[in-house]
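Numbering-wise, the sequence shown is residues 1 to 326 according to this note's numbering.
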Amino acid sequence: MLFTPVTVLKRLSERNGDTILLSQKNNITNIEWQKEADAFRAYLQVERNLSPHTVASYLRDLNRFIIFALGRSKRSSSGITRKDINDHIAELHTDGLSPRSIARALSALRTFFKFITSEEGRKDEPTEEIEGPRIGRPLPKSLRRDQMDKIMNTVDISIPAGIRDRAILETLYSSGLRVSEVISLKLENVSFEEGLLRVLGKGRKERLVPLGRFAINWIGRYLKEVRTEFIKKKLDKGYLFVNQRGGALSRQAVWLMVKAVAKRSGLRLSPHTLRHAFATHLVEADVDLRSVQEMLGHASITTTQIYTFVSGERLRQVHKKYHPRG
């Protein structure tokens, strides 16, 4: 069934069973969006076996986003970028939606784009790395130090790509980088003598971040044994971490690598989990919050303060160490 043409001035969405109605504007056809929405609905109903209420909720959130996208002349999901998602979230906030409603809308979009990425083989996933509003106590789950050791030792370093992957994981954890930052690193950004990385973060703000000895050792091994083999005759554009064809790594490639390591280790893990662990372990070691803020590249100290909520395990350790009957 194709979308019923309605005017933009009409309600953002209308329920007609579980079919969603969209507007037409500037002669934009909605056929591609309809096909994707219909396939998504079938996926939710058949493969996910979700309740009619949940399916309707997902479709309402998707409908709102599609109308936003049509306003930007985006005829299908293939043209959607991370900026579009961020701008839509900002618009929902401006419209007065609660943090919980915005989080639900973002969850619906994540599910939709993961489905589309899987079905259509899209190279990038626009909702990746986008953080929703924090609801309630903003405590990120952090991995323990022994779990970090397990993760690192899970990587298969008997193959060249494994040596590179170990170097990437050590860098993410050692320096608390975002995925976008680690894949953008150039050779010139690494100072082995000083143990520092020059990182270009959000808003193109540059910062210096310490690089630990484990990361230095694994990056050194990767440069010596692997990178030159991956580059071969391909024009070297100077990126620190490259794929097996010598080109720059994508966010998706790093994401898939981390997920593969997570599966082998039996631990819940994402690239951002390593950034959380970096910050949490520093705060638990009594590093001052301003220094952690600087290393993470947070614009506001309030963002960094989420790491001051120590874990239950940490509280038990402190109690056992200092309480007379601990």
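Here a beta-carbon is modelled for each residue, glycine too, at the ideal position from N, C-alpha and C.
Beta-bridge partners of residue i, as assigned by DSSP
i      : result
Ala248 : Val242
Arg290 : Answer is none; Arg290 lacks a bridge partner.
Val190 : Leu197
For residue i, the nearest candidate out of the options (CA to CA)
i      : options                           : result
Lys205 : Gly297, Asp124 and Ile301         : Gly297
His272 : Asn243, Thr171, Gly195 and Pro160 : Thr171
Asp236 : Arg275, Arg110, Leu187 and Pro324 : Leu187
Arg221 : Ala56, Leu282, Val209 and Gly162  : Gly162
Ala105 : Arg145, Glu120, Thr117 and Thr54  : Thr54
Thr154 : Arg145, Arg110 and Ala260         : Ala260
Val254 : Leu92, Glu229, Ser118 and Glu181  : Glu181
Pro210 : Arg145, Glu225 and Val292         : Val292
Gly212 : Ala56, Lys224 and Met295          : Met295
Residues near residue i by beta carbon distance below 8 Å, same chain, minus five either side
i      : result
Pro126 : Ile80, Thr81, Arg82, Asp84, Ile85 and Phe113
Leu2   : Any reading at Leu2 needs caution, since the residue's pLDDT is 32, under 50, leaving its predicted position unreliable; the model's value is listed next. Closer than 8 Å at Cβ, skipping near neighbours: Asn30, Ile31 and Gln34.
Leu208 : Leu196, Leu197, Arg198 and Val199
Met329 : The chain is shown from 1 up to 326; residue 329 falls before or after that span and cannot be answered.
Asn26  : Annotation note: pLDDT 32 at Asn26 (below 50); position unreliable, no value reported.
Leu12  : Caution is warranted here: a pLDDT of 32 is assigned to Leu12, below 50, making its placement in the model unreliable, and the coordinate value is therefore given only provisionally. Once the five neighbours on either side are set aside, the close Cβ partners of Leu12 are Asn63, Arg64 and Ile67.
Ile28  : Bear in mind that the predicted position of Ile28 carries a pLDDT of just 34, short of 50, making it unreliable; the figure below should be weighed with that in mind. Contacts found: Leu70, Ser73 and Arg75.
Pro324 : none
Same chain, Cβ closer than 7 Å to residue i, five either side skipped, listed in chain order
i      : result
Leu50  : Leu44
Ile157 : Ile163 and Arg166
Gln147 : Leu267
Ile216 : Phe192 and Gly195
Val242 : Arg227, Phe230, Ile231, Ala248 and Leu249
Leu269 : Ile151, Val258, Val261 and Ala262
Cβ pair residue i, residue j closer than 8 Å
i      : j      : result
Ser174 : Phe214 : yes
Gly176 : Ala279 : yes
Ile151 : Arg251 : no
Leu282 : Gln305 : no
Val190 : Leu240 : yes
Tyr58  : Ala90  : no
Ala277 : Leu143 : yes
Gly247 : Lys232 : no
Ser77  : Glu36  : yes
Glu119 : Ala39  : yes
Limits of the unbroken beta strand (DSSP E) element including residue i
i      : result
Leu200 : Leu196 to Leu200
Leu208 : Glu206 to Pro210
Host alpha helix (DSSP H) of residue i (start-end)
i      : result
Ile116 : Pro99 to Glu120
Gln34  : Ile31 to Ala42
Ser77  : From DSSP, Ser77 is part of no alpha helix (DSSP H); its letter is neither H nor E.
Own chain partners of residue i with C-beta closer than 6 Å, once the 5 adjacent residues on each side are dropped
i      : result
Gly238 : Lys186 and Leu187
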